[in-house]
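> Following this message is one structure expressed as structure tokens.
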Amino acid sequence: MQLRYRYRIFPTAPQRRELARVFGCVRTVWNDAVAARKHAHAKGLPYPLTSELDKALITAAKRTPERSWLAEVSTVPLQQVLRDCHQAYRNFFDSLSSKRAGPRIGRPLFKRRTGMQSARYTQRGFVLRPNGRLYIAKVGEVTVAWSRDLPAAPSSVTVIKSPTGKYYASFVVSIDGDAERLEPMADPEAETGIDLGLKDFAVLRGGKWIENPKFFARLERK
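Per the numbering used here, the very first residue in the sequence shown carries number 1118; after that it's consecutive.
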């Protein structure tokens, strides 16, 4: 079973500038991929494969004056957004053909500069440090507000900037499906008081105790 765990993060001013650069590059690659597939559909050409778009929209684009700034960020989120775009199209096509259950899914749209911004990193693009910080490729070590322990090592992390200007890290982890250890995801916009301690990681307003993160203890022992 795969679950998402989301936490507030607090990038420094220079890190926020780097993340803004990442978000802009990710948005550009997504929009270029959508434009390429729109063009192919209009001309009756075959559906562009992700591998083809990777070469054209990332590798080759970095060598052009118009897209040279793509080289300033990690390639990991750029390649990942192409995979995400392809999956969005698959979901759209499956929805059209009734292969996908649930409400009808719309065609992938161009992303705007306003609203929520995000960039997804696979394990090649991030590391959880023993000190509890999140290292993001070409961004640096970012402070994380750990509200609970991760039950396992994450396979990916999505860095998010909300419309209100807050930053989050959303980790994907795979577990065995022990329902008793799962809790509902907290509202990321909700505010709460926290008392930090030594034996226990924190006590939230309302009396809930949070144990010290054991995942980082395991990291320290390695």
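By construction, the Cβ of each residue, glycine as well, lies at the ideal position given by its N, Cα and C atoms.
Say yes only if the C-beta of Ser1185 is nearer than 7 Å to one or more non-hydrogen atoms of the ligand HEM, and no if none qualify.
In the structure on display, the ligand HEM does not appear, and there are no ligands present to speak of.
> So, helix, strand or coil for Thr1260, using DSSP?
One-based indexing of the sequence shown puts residue 1260 at position 143. In this structure, Thr1260 counts as strand in the three-state DSSP scheme.
> What ranges does the alpha helix (DSSP H) occupy inside the stretch 1216-1272, keeping only unbroken runs of at least 4 residues that lie completely in it?
Segments of the alpha helix (DSSP H) lying fully in the stretch 1216-1272: there are none.
> Examine the Cβ distances between the stretch 1222-1240 and the stretch 1277-1293 and report whether three or more of them are shorter than 8 Å.
A contact exists between the stretch 1222-1240 and the stretch 1277-1293.
> Over what stretch of residues does the beta strand (DSSP E) that includes Ser1291 continue unbroken?
Your numbering for residue 1291 matches position 174 in the sequence shown. Counting along the chain, the beta strand (DSSP E) containing Ser1291 begins and ends at 1284-1291.
> For the stretch 1203-1222 and the stretch 1253-1260, state whether three or more C-beta atom pairs, one from each stretch, are separated by less than 8 Å.
No, the stretch 1203-1222 is not in contact with the stretch 1253-1260.
> Taking the straight line between their C-alpha atoms, what separation do you get for Ser1264 and Tyr1124?
Working through the sequence shown from its first residue, we reach residue 1264 at position 147. Working through the sequence shown from its first residue, we reach residue 1124 at position 7. Cα-Cα distance, rounded: 7 Å.
> Quick one: any contact between the stretch 1214-1225 and the stretch 1165-1182, if contact means 3 or more CB pairs under 8 Å?
The answer is no - the stretch 1165-1182 does not touch the stretch 1214-1225, with fewer than three Cβ pairs under 8 Å.
> Please classify Arg1180 as buried or exposed, where buried requires at least 16 other C-beta atoms within 10 Å of its C-beta.
As a first step, residue 1180 is located in the sequence shown; it is residue number 63 there, counting from the start. Exposed, because fewer than 16 other Cβ atoms sit within 10 Å of the Cβ of Arg1180.
> Is the beta carbon of Tyr1122 sitting closer than 8 Å to the one on Phe1288?
Start at 1 with the first residue of the sequence shown, and residue 1122 comes out as number 5. Start at 1 with the first residue of the sequence shown, and residue 1288 comes out as number 171. Their beta carbons are under 8 Å apart, which means Tyr1122 touches Phe1288 by this criterion.
> Round the Cβ separation of Val1139 and Pro1182 to the nearest angstrom and send it over; I've been treating them as touching at under 8 Å.
Looking up residue 1139 in the sequence shown gives position 22. Looking up residue 1182 in the sequence shown gives position 65. Actually they do not touch by this definition, with Cβ atoms about 21 Å apart.
> What residue from Asp1201, Ala1286, Gln1132 has the CA that sits closest to Val1143's CA?
Reading the sequence shown from its first residue, position 26 is the one you call residue 1143. Of the candidates Asp1201, Ala1286, Gln1132, the one whose C-alpha sits nearest the C-alpha of Val1143 is Asp1201.
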